[in-house]
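Chemist: Okay, so the sequence shown: first residue is 1 according to the numbering used here, each after it adds one.
My questions all concern the structure below.
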Amino acid sequence: MSAVTIRNLSEETHRALKARAAAHGRSTEAEIRAILENAVRPPERVKLGTALAAFGGELGGVDLDIERDRSPVDPAMFE
Numbered sequence: 001m002s003a004v005t006i007r008n009l010s011e012e013t014h015r016a017l018k019a020r021a022a023a024h025g026r027s028t029e030a031e032i033r034a035i036l037e038n039a040v041r042p043p044e045r046v047k048l049g050t051a052l053a054a055f056g057g058e059l060g061g062v063d064l065d066i067e068r069d070r071s072p073v074d075p076a077m078f079e
């Protein structure tokens, strides 16, 4: 897990973070984590799989005739 140090944060901002954390019932550190998480990974973001499925749908989709190979796999040999 990464650690980040924020220098030169004004006292007003620090007090506001502490108040916001208290209002949400969590520590200041947990509040900062939540703020950063929501800023860089918003819940409404489009994920890669969803984007690819939409793109394929726009092109009419693809039907693949794939059959699973059910033959047994040889065990790994470690020497």
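Beta carbons are placed, not taken as given, at the ideal position from N, Cα and C, and that holds for glycine.
Would E31 be called buried (16 or more neighbouring beta carbons within 10 Å of its own) or exposed?
Modeler: It counts as buried.
Chemist: Within the continuous alpha helix (DSSP H) that includes F78, where are the two ends?
Modeler: Where F78 is concerned, there is no enclosing alpha helix (DSSP H), given that its DSSP letter is neither H nor E.
Chemist: Skipping 5 residues on each side, what residues in its chain have a beta carbon closer than 7 angstroms to that of V62?
Modeler: Excluding positions up to five away in sequence, the list reads G56.
Chemist: Which of the three DSSP states, helix, strand or coil, is assigned to K18?
Modeler: helix
Chemist: Expressed to the nearest angstrom, what Euclidean distance is found between the alpha-carbon atoms of S27 and T50?
Modeler: 34 angstroms
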